[in-house]
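Working notes for the structure below.
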């Protein structure tokens, strides 16, 4: 029965991709931030196989000073037909007239989770009090340089009343998955979007932080001004946001947008 259900989902996904595009095949340039990467790596090839389009993809954070950050790539004039990123960062690009306003589509919601090194005891983070004690007792803590890490650094520690105690042992990790530095043993705890934690081998997923402390990040996508293939780009966006794609989206640790 499970195999039959998966086969039905695959047929629905491929049919959805074919339905949203009747345009000539093109080489689409896509920029995607980390939180949607796992879902994109499944859905992107399915779209390409069904439509004949090819996807040339660059990955980078939705914000920040890194040269790989999507806004910085666009500022340098790197070509793009589609950008997939944190919703409020996409809004900034729309305000700057770098992304076509009515091209925006909603893709998924992402929550923050925590990992430890594989084989290590999994601490309790099921309540605000438990998470606070886990953080206070940890020798080292890592968090990302994207939306989730900014929230951890500027808001989460403050809300728990442990800003001072975190100084010196909590660090923002640029460019690489946070779970990788936990898997290597360099850090005891790691915080990032759940969808970015799950794929990393050597790290054990503990769970999401309590909903009362959660920062829900909306992932959205749009078409940059000056895109070379806007019709094909629109077809890709419609496919990624389609109801048929939601089982794949949820399987990567993301939550479906409520309207789907």
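Residue numbers (mature numbering (1 follows the signal peptide of the UniProt record, and there is no 0)): -25 to -1, 1 to 235.
Note that beta-carbon positions come from the ideal geometry of N, C-alpha and C, so glycine has one too.
What you are looking at is a predicted structure, and each value in this text was computed from that prediction instead of being measured.
Residue i to residue j span [Cα, whole Å]
{"i": "residue 103", "j": "residue 185", "result": "6 Å"}
{"i": "residue 70", "j": "residue 175", "result": "35 Å"}
{"i": "residue 137", "j": "residue 99", "result": "17 Å"}
{"i": "residue 78", "j": "residue 94", "result": "45 Å"}
{"i": "residue 229", "j": "residue 12", "result": "11 Å"}
{"i": "residue 75", "j": "residue 124", "result": "28 Å"}
{"i": "residue 45", "j": "residue 108", "result": "36 Å"}
{"i": "residue 20", "j": "residue 51", "result": "27 Å"}
{"i": "residue 132", "j": "residue 199", "result": "35 Å"}
Assigned secondary structure, residue i (DSSP; H/G/I helix, E/B strand, else coil)
{"i": "residue 93", "result": "coil"}
{"i": "residue 69", "result": "helix"}
{"i": "residue 227", "result": "coil"}
{"i": "residue 203", "result": "coil"}
{"i": "residue 87", "result": "strand"}
{"i": "residue 161", "result": "coil"}
{"i": "residue 173", "result": "coil"}
{"i": "residue 195", "result": "strand"}
{"i": "residue 25", "result": "helix"}
{"i": "residue 79", "result": "coil"}
{"i": "residue 221", "result": "helix"}
{"i": "residue 41", "result": "coil"}
{"i": "residue 33", "result": "strand"}
Chain-order list of residues whose beta-carbon lies under 8 Å from that of residue i (same chain, five-residue window excluded)
{"i": "residue 161", "result": "115 and 117"}
{"i": "residue 120", "result": "36, 39, 41, 147, 148, 149 and 150"}
First through last residue of the beta strand (DSSP E) which encompasses residue i
{"i": "residue 61", "result": "57 to 61"}
{"i": "residue 181", "result": "178 to 183"}
{"i": "residue 49", "result": "No beta strand (DSSP E) holds residue 49; the alpha helix (DSSP H) holding it covers 45 to 50."}
{"i": "residue 5", "result": "2 to 7"}
Nonlocal neighbours in the same chain, by C-beta distance under 6 Å from residue i, ignoring five residues either side
{"i": "residue 226", "result": "none"}
{"i": "residue 1", "result": "28, 204 and 207"}
Neighbourhood of residue i by C-beta distance below 7 Å, restricted to the same chain and skipping five residues each side
{"i": "residue 7", "result": "15, 32, 34 and 59"}
{"i": "residue 215", "result": "18, 82 and 196"}
{"i": "residue 203", "result": "54 and 56"}
I'd like the ranges of any beta strand (DSSP E) spanning at least 3 consecutive residues and lying wholly in the region 99 to 155.
116 to 119 and 145 to 148
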